[in-house]
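Novice:
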Amino acid sequence: NTKEEIIEITKELLIALQRENNFKIEDIVSVFFSATPDLNAAFPAQAARELGWDRVPLFDMQEIEVPGSLPKCIRILIQINCRKSQTEIKHCYLRGAEILRKDLVKETLNLKEGESK
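Residues in the sequence shown are numbered from 1 upward in steps of one, following the UniProt record's numbering.
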């Protein structure tokens, strides 16, 4: 829970999302960032500003604290103007967050049932 870690990890996730979905910054409508209560040393949205997302509306929020939920988790919801269907959008889960949506991770990696990454 340091400013540097939060910014670094958020940049990693933003870059992965942009790479996997091949969108331009000017296509972004807005971005929502959420962080679990144990991550409070920085606003994750600062990472987007450092990547040059200067004109994009950004919003940080704190996740509700649910017993047994994944700790130290940053989630990002990017709204973009595009012609892709929901099934064409690639979701990114990094550093252990894959357990949140194993079904989407398999779709993104084009894995068959029983295979692992």
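We put the CB at the ideal spot given by N, CA and C, even for glycine. All figures in this text were calculated on a predicted structure; none of them were measured in a lab.
(1) How should V56 be labelled, buried or exposed, when 16 other C-beta atoms within 10 angstroms of its C-beta is the threshold for buried?
(2) Determine the direct distance from the alpha carbon of R49 to that of residue 119, and round the result to whole angstroms.
(3) Measuring CA to CA, which of I7, F59, H91 and L51 is closest to K24?
(4) Decide if L17 is buried, meaning its Cβ has at least 16 other Cβ atoms within 10 Å, or exposed.
(5) Taking the alpha-carbon of A42 as reference, which of L77, E88, Q86 and T10 has the nearest alpha-carbon?
(6) Helix, strand or coil: which one does DSSP assign to A35?
(7) When the Cα atoms are used, what is the spatial distance from E88 to L77?
(8) Alpha carbon to alpha carbon, how far is R75 from D60? Give it in angstroms, no decimals.
(9) For the stretch 28 to 96, list the beta strand (DSSP E) runs that are entirely contained and at least 3 residues long, ordered along the chain.
(10) Out of K84, F32, E4 and E20, which has the shortest C-alpha to C-alpha gap to D63?
(11) At which residues does the alpha helix (DSSP H) containing T10 begin and terminate?
Specialist: With the given structure in hand:
(1) buried
(2) Residue 119 lies beyond the residue range present for the chain, which begins at 1 and ends at 117; the question has no answer from this structure.
(3) Ranked by how close their Cα comes to the Cα of K24, the residues I7, F59, H91 and L51 have L51 in first place.
(4) buried
(5) The residue with the shortest Cα to Cα distance from A42 is T10.
(6) strand
(7) 16 Å
(8) 10 Å
(9) 28 to 35, 58 to 62 and 74 to 80
(10) Rather than Asp, the amino acid found at residue 63 in this sequence is Glu. Residue F32 is the option with its Cα nearest to E63.
(11) K3 to N21
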